[in-house]
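Asker: In the working numbering, each residue's number is its place in the sequence shown (first place is 1) plus 32.
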Amino acid sequence: MKIHSLDLRQRALMAWKKMGNKSQVCEIFGISRPTLDRWIELEHTEEFDPKNRKNKGGRPSSIKDLGAFKTFVEQSNFTNIHELVPLFEKTFGYPVAYEVIRRTLKRLSWSPAKKVFVVRKNKQLESEV
Numbered sequence: 033m034k035i036h037s038l039d040l041r042q043r044a045l046m047a048w049k050k051m052g053n054k055s056q057v058c059e060i061f062g063i064s065r066p067t068l069d070r071w072i073e074l075e076h077t078e079e080f081d082p083k084n085r086k087n088k089g090g091r092p093s094s095i096k097d098l099g100a101f102k103t104f105v106e107q108s109n110f111t112n113i114h115e116l117v118p119l120f121e122k123t124f125g126y127p128v129a130y131e132v133i134r135r136t137l138k139r140l141s142w143s144p145a146k147k148v149f150v151v152r153k154n155k156q157l158e159s160e161v
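1) By alpha-carbon positions, which one of Asp39, Thr103, Phe124, Ile72 ends up nearest to asparagine 53?
2) Quick one: is isoleucine 60 buried, meaning 16 or more other Cβ sit within 10 Å of its Cβ, or exposed?
3) Is it the case that the Cβ atoms of leucine 45 and lysine 102 are separated by a distance below 7 Å?
4) The alpha helix (DSSP H) spanning glycine 125 covers which residue range?
5) Does arginine 152 come out as helix, strand or coil in the three-state DSSP assignment?
6) Determine the DSSP secondary structure at tyrosine 130, reduced to helix, strand or coil.
7) Beta-carbon within less than 7 Å of serine 108's beta-carbon, same chain only, minus the 5 sequence neighbours each way: which residues are those?
8) Should isoleucine 113 and arginine 134 be called a contact, given that it needs their Cβ atoms to be closer than 7 Å?
9) Looking at phenylalanine 110 and threonine 123, is the spacing between their C-beta atoms short of 7 Å?
10) Hey, does threonine 111 have any beta-carbon neighbour from chain D nearer than 7 Å?
11) Spatial neighbours of serine 55 within its chain, please: CB distance less than 8 Å, with the 5 preceding and 5 following residues excluded, ordered by chain position.
12) Taking C-alpha atoms, which residue in Leu137, Ile95, Lys49 lies nearest to valine 128?
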């Protein structure tokens, strides 16, 4: 979603008040009708200024404690990420999506190439005993 400047927002609202026709204003300024409607609603609030928006974009991570999650992954026995989803919910008490776990593992630099997800115990050969 493109963030429009405060100046553009103010000019579009002034033009709308002067002309009274939303469609023409949207065509002149190259904005959509829902965008203009939202600006009209937000005109007298702090959120009208794009610098004061509460949601500054980007998706927040659903995993609240990354340190605990890293420890959890190191101690868990799993063969693929799908197995972590129910284990995570049991351990932490809140659900997360598969994609959230996958992204977080990627952010922590965990990959199948760097660490084998299967934990195997060393087996001694019978001939060595």
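Note that the Cβ used here is the ideal one computed from N, Cα and C, for glycine as well.
Answerer: Taking the definition as stated:
1) Ile72
2) exposed
3) no
4) Careful: glycine 125 lies outside any alpha helix (DSSP H) and carries neither H nor E.
5) Note on arginine 152: pLDDT 49, under 50, position unreliable in the model; the coordinate value appears next. Looking at arginine 152 - three-state DSSP - the assignment turns out to be coil, as it is neither helix nor strand.
6) helix
7) Leu116, Leu119
8) yes
9) no
10) The chain labelled as chain D is not found in the depicted structure, where only one protein chain is given.
11) Arg65
12) Ile95
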